[in-house]
Amino acid sequence: MSLQPTQSDSKSVAIHGVNPNAIGQTQPPSPRTLPSDYQRKIAIAIDLSDESAYAVRWAVQNYLRPGDLVFFLHVQSTSVLYGADWGSIDLRQKNRDEESQLKPEMDFDDLTTAKATEFAQPLVEANIPFKIHIVKDHDMKERLCLEVKRLGLNAVIMGSRGIGASKRATKGRLGSVSHYCVHHCVCPVVILRYLDADHEGSTSDSTKSTCGEDDELDRISSS
1 MSLQPTQSDS
11 KSVAIHGVNP
21 NAIGQTQPPS
31 PRTLPSDYQR
41 KIAIAIDLSD
51 ESAYAVRWAV
61 QNYLRPGDLV
71 FFLHVQSTSV
81 LYGADWGSID
91 LRQKNRDEES
101 QLKPEMDFDD
111 LTTAKATEFA
121 QPLVEANIPF
131 KIHIVKDHDM
141 KERLCLEVKR
151 LGLNAVIMGS
161 RGIGASKRAT
171 KGRLGSVSHY
181 CVHHCVCPVV
191 ILRYLDADHE
201 GSTSDSTKST
211 CGEDDELDRI
221 SSS
């Protein structure tokens, strides 16, 4: 089922990551000058993990150039199927349920924005303008590709631990999303290998862990 973006389940934080709704939230300083127009719009898909932080650092050092505008693109998973017809419901119970869920959801939104702003520090230091774009959907993979097309992005960068296809389903992390995006995004997708301290062994071990048969697709897409 293909979902269309709605005003109620998506938001873009203003340029340079300043959230107008986050009163009193500490934000990094913004660059003083902005280019009048942007040559490229580059997304960095983030899931608040170490892989995402690494993707930001790598993009600043190796990919981004003057004139680029960066989108931090985050899809927050939800069990609600937006736009679905659930039939008759008890509105009083619905209101009570919404009130009970509202506070934790708002707290998580604030945490997501704060974490994304923390990730953006390398962009701030490099004087690269950015926006934080957060959407909510039950299907992270499909919605990510939909937002890439809707925003007219030129490329998407995302981190991955390089796990094989047989492990992606059980891990449930960005690896499975990157695998899907390679097939369905309308723009180039750059997949970055991230090895944490537990995997920083010998060179041969690292090479083997990132170049297995299950990773053939990702290895080609990132070349």
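Using the UniProt record's numbering, you'd call the opening residue of the sequence shown number 1 and step up by one each time. Note that beta-carbon positions come from the ideal geometry of N, C-alpha and C, so glycine has one too.
A straight line joining the alpha-carbon of residue 190 with that of residue 156 spans about 6 Å. The residue among 38, 43, 57, 40 with its C-alpha nearest the C-alpha of residue 194 is 57.
Here DSSP, grouped into helix, strand and coil, assigns residue 123 to helix. Here residue 38 has 67, 68, 69 as same chain residues with Cβ atoms under 7 Å from its own Cβ, once five neighbours each way along the sequence are excluded. The beta carbon of residue 41 lies closer than 6 Å to those of 69, 153, 154 in the same chain, with the five residues before and after it left out. In the DSSP annotation of this structure, the continuous segment of the beta strand (DSSP E) that includes residue 76 starts and ends at 68 to 77.
Counting only residues of its own chain and dropping the five nearest sequence neighbours on each side, residue 74 has a CB closer than 8 Å to the CB of 45, 46, 47, 48, 112, 116, 132, 133, 134, 135. For residue 193, no alpha helix (DSSP H) run applies; the uninterrupted beta strand (DSSP E) run containing it begins and ends at 189 to 193, by DSSP. Secondary structure note for residue 137: it is in no alpha helix (DSSP H), and the uninterrupted beta strand (DSSP E) holding it is 130 to 137. For residue 60, same chain residues with a beta-carbon under 6 Å away, outside a window of 5 residues either side, are 122, 126 in chain order. Ranking 179, 129, 62, 120 by CA distance to the CA of residue 52 puts 120 first. Annotated three-state conformation of residue 60 is helix, per DSSP. Of the other Cβ atoms in all chains shown, fewer than 16 fall within 10 Å of the Cβ of residue 183; this residue is therefore exposed.
For residue 148, the enclosing alpha helix (DSSP H) covers residues 140 to 151. When DSSP states are grouped into helix, strand and coil, residue 49 belongs to the coil group. By the neighbour-count criterion, in which 16 or more other beta carbons inside 10 Å mark a residue as buried, residue 129 falls on the buried side. Secondary structure of residue 186 (DSSP, three-state): coil.
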